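Colleague: In my numbering, the protein residues as written are 3 to 420.
Below you can see the structure in the form of structure tokens.
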């Protein structure tokens, strides 16, 4: 984006990680920025020091006065009053990743989306590039906002994890290599239907050209855009067997292999990364073994399908489940728990009654623990040598925790204290 293309005044709505990054990126380029958030305890010192006008409250239409761009944080729904008002006034609405894309100086982008496995696959791809001694920036939904990637090395690839919320409001964003890992029901409370959720994911491909590559699951329906399509599956022949356990991680490895090859990475480097990459925090993360019982943190499993995948990685599981509701059914998860012989489930959070009903129908032993501390204590009392106590909640965390990382950190500390 050239200086002449910059907005004169921009409104950034929502000041979590990506919103802050967007506001600071705009301010650093001389744009007049007003930033709004509902959080009355917001620490806005760094934003104000950068010249950003910070406003508490996100519904005042006057915030749009004189604004020629609205940057919407992922957590802000499309029907939020200010977003709807901006569209009525023909003010462009961008996601933070769209803004960041305009600031990148032509570096190729490898975008990764899907319901499950995004973070693992994104970080695995970063490891593959590093194994090949290729410059790479890893950012996006993975924790480091894309807008913080400033002046990357010429020719460096940017590997970006992209959520449906981030892809909702792209316009020119183009992934030279786009990866769709899977699509299963999630965030239906936000997108309204599986079709709406899927459409948001597929926007990853809509600006691709004939020179680009779309990596999709075997048999997946047509995708928008004109990228060359390649398909992956768990049965693919790989340069090496991945270190990470579970069939789902073999699928992730297969997708990463095709994406890396599309980016020109040789198989030797792919093999090195597959055999050494140990995973990411909160995703099947081994915490500790206590008296023959293994404790595993899979707090990032924020939907039923993610928890189902985790159940395939272990035997003799005692499962901690539950959290805030997202509108998904637990029936298939309960069936998988029965088929995998889950020894007992320990239910927490606001979804515990729904989980109990689903597990009861399948005859899976369970107890309503209420909170994580009680669940860990009960599982520790019940567990026998050879058991695996798995936190794989199948739900979001916002009923009792700040986010899934907070939940996983709390689980880790409780286990360390046993």
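Here a beta-carbon is modelled for each residue, glycine too, at the ideal position from N, C-alpha and C. Keep in mind the model is a prediction, meaning the values are calculated, not measured.
1) With residue 56 as the anchor, note down where its beta strand (DSSP E) starts and where it stops.
2) Just to check my reading of the structure: residue 271 and residue 133 have Cβ atoms closer than 8 Å, yes? What is that Cβ distance to the nearest angstrom?
3) Provide the residue(s) that pair with residue 288 in DSSP beta bridges, ordered along the chain.
4) Can you tell me the Cα-Cα spacing of residue 338 and residue 313, whole angstroms?
5) How would you label residue 39, buried or exposed, when you count the other beta carbons within 10 angstroms and need 16 or more for buried?
6) If we ignore side chains and look at the alpha-carbon of each, how far apart do residue 1 and residue 102 end up?
7) Please determine, among 397, 50, 378, the residue with the shortest C-alpha to C-alpha distance to residue 418.
8) Judging by CA-CA distance, which residue of 362, 336, 399 is the nearest neighbour of residue 326?
9) Which word fits residue 195, buried or exposed, when buried means at least 16 other C-beta atoms lie within 10 angstroms of its C-beta?
10) Decide if residue 90 is buried, meaning its Cβ has at least 16 other Cβ atoms within 10 Å, or exposed.
11) I want to know whether the segment 364-383 touches the segment 339-355 - three or more CB-CB distances under 8 Å.
12) Rank 223, 238, 184, 171 by C-alpha distance to the C-alpha of residue 205 and give the top, closest one.
13) Name the residue from 213, 237, 240, 244 whose alpha carbon lies nearest to the alpha carbon of residue 229.
14) Once you ignore the five residues that flank residue 231 on each side, which residues in its own chain have a CB closer than 6 Å to its CB?
15) I'd like to confirm the pairing. Which residues does DSSP put opposite residue 199 in its beta bridges?
16) Taking DSSP as the reference, what is the three-state secondary structure of residue 410?
17) Report the residue from 252, 297, 241 whose alpha carbon sits nearest the alpha carbon of residue 287.
18) Residue 59 and residue 11: beta carbons closer than 9 Å?
19) Using 8 Å for Cβ pairs, my map puts residue 301 next to residue 324. What's the rounded Cβ distance?
20) Run through the DSSP bridge pairs and tell me what residue 142 is partnered with.
21) Would you kindly work out how many angstroms separate the C-alpha atoms of residue 124 and residue 140, rounded to a whole number?
22) Would you please state the rounded distance, in angstroms, between the beta carbons of residue 161 and residue 108? I believe it to be under 8 Å.
23) Write down the C-beta distance between residue 234 and residue 260 rounded to the nearest angstrom, noting that I regard them as a contact closer than 8 Å.
24) In terms of residue numbering, what span does the beta strand (DSSP E) encompassing residue 321 cover?
25) When DSSP labels each residue in this structure, what does residue 20 get in the three-state scheme?
26) Determine, using beta carbons only, whether residue 240 and residue 256 come nearer to each other than 9 Å.
27) Classify residue 130 as helix, strand or coil using the three-state DSSP reduction.
Modeller: According to the structure data:
1) Locating residue 56 in the chain shown gives position 54, counting from the first residue. Looking at the DSSP string, the run of the beta strand (DSSP E) that includes residue 56 is 55-58.
2) Position 269 of the chain shown, counting from 1, holds the residue named residue 271. Position 131 of the chain shown, counting from 1, holds the residue named residue 133. Yes, they are in contact, since the Cβ atoms of residue 271 and residue 133 sit about 4 Å apart, within 8 Å.
3) Indexing the chain shown from 1 puts residue 288 at position 286. Its beta-bridge partners are 298.
4) The count along the chain shown starts at 1 and reaches residue 338 at position 336. The count along the chain shown starts at 1 and reaches residue 313 at position 311. Taking the straight line from one Cα to the other gives about 8 Å.
5) Looking up residue 39 in the chain shown gives position 37. Buried, since its Cβ has 16 or more Cβ neighbours within 10 Å.
6) For residue 1 there is no data in the structure shown, the boundaries of the chain being 3 and 420.
7) Looking up residue 418 in the chain shown gives position 416. Among 397, 50, 378, the Cα nearest to that of residue 418 belongs to 378.
8) Working through the chain shown from its first residue, we reach residue 326 at position 324. The option with the nearest alpha carbon to residue 326 is 399.
9) Your numbering for residue 195 matches position 193 in the chain shown. Under this definition residue 195 is an exposed residue.
10) One-based indexing of the chain shown puts residue 90 at position 88. Residue 90 should be labelled exposed.
11) As far as the Cβ criterion goes, the segment 364-383 touches the segment 339-355, which means the pair count is three or higher.
12) Locating residue 205 in the chain shown gives position 203, counting from the first residue. Restricting attention to 223, 238, 184, 171, the CA atom closest to the CA of residue 205 is found in 171.
13) Position 227 of the chain shown, counted from the start, is the residue given in the question as residue 229. Between residue 229 and the set 213, 237, 240, 244, the nearest pair of CA atoms involves 213.
14) Taking the chain shown and counting its residues from 1, the one referred to as residue 231 is at position 229. Within the same chain, residue 231 has close Cβ partners 216.
15) By 1-based counting over the chain shown, the position of residue 199 is 197. Among the bridge pairs identified by DSSP, residue 199 is matched with none.
16) Sequence index remark: in the chain shown, residue 410 carries index 408 (1-based). In the three-state reduction of the DSSP assignment, residue 410 falls in the helix class.
17) Residue numbering aside, residue 287 sits at position 285 when the chain shown is read from its first letter. Cα-wise, what sits closest to residue 287 is 297.
18) Translated into positions along the chain shown, residue 59 becomes position 57. Translated into positions along the chain shown, residue 11 becomes position 9. No.
19) As a first step, residue 301 must be located in the chain shown, where it is residue number 299. As a first step, residue 324 must be located in the chain shown, where it is residue number 322. Contact flag wrong, Cβ pair sits at about 12 Å.
20) The residue you call residue 142 lines up with position 140 of the chain shown. Answer is 163.
21) Translated into positions along the chain shown, residue 124 becomes position 122. Translated into positions along the chain shown, residue 140 becomes position 138. For residue 124 and residue 140, the distance between alpha carbons rounds to 7 Å.
22) Here residue 161 refers to the residue found at position 159 when the chain shown is read from its first residue. Here residue 108 refers to the residue found at position 106 when the chain shown is read from its first residue. Their Cβ separation, rounded to whole angstroms, is 16 Å, which puts residue 161 and residue 108 out of contact at 8 Å.
23) Walking along the chain shown from the start, residue 234 turns up at place 232. Walking along the chain shown from the start, residue 260 turns up at place 258. With a Cβ gap of about 5 Å, residue 234 and residue 260 count as contacting.
24) The count along the chain shown starts at 1 and reaches residue 321 at position 319. Run containing residue 321: 319-323, per the beta strand (DSSP E) assignment.
25) Against the chain shown, residue 20 aligns to sequence position 18. The answer is helix: DSSP assigns residue 20 an H, G or I state.
26) The residue labelled residue 240 in the question sits at position 238 within the chain shown. The residue labelled residue 256 in the question sits at position 254 within the chain shown. Judged by beta-carbon spacing, residue 256 lies within the 9 Å limit of residue 240, meaning their Cβ atoms are closer than that value.
27) As a working mapping, residue 130 is identified with position 128 in the chain shown. In the structure shown, residue 130 sits in a helix (DSSP, three-state: H, G or I).
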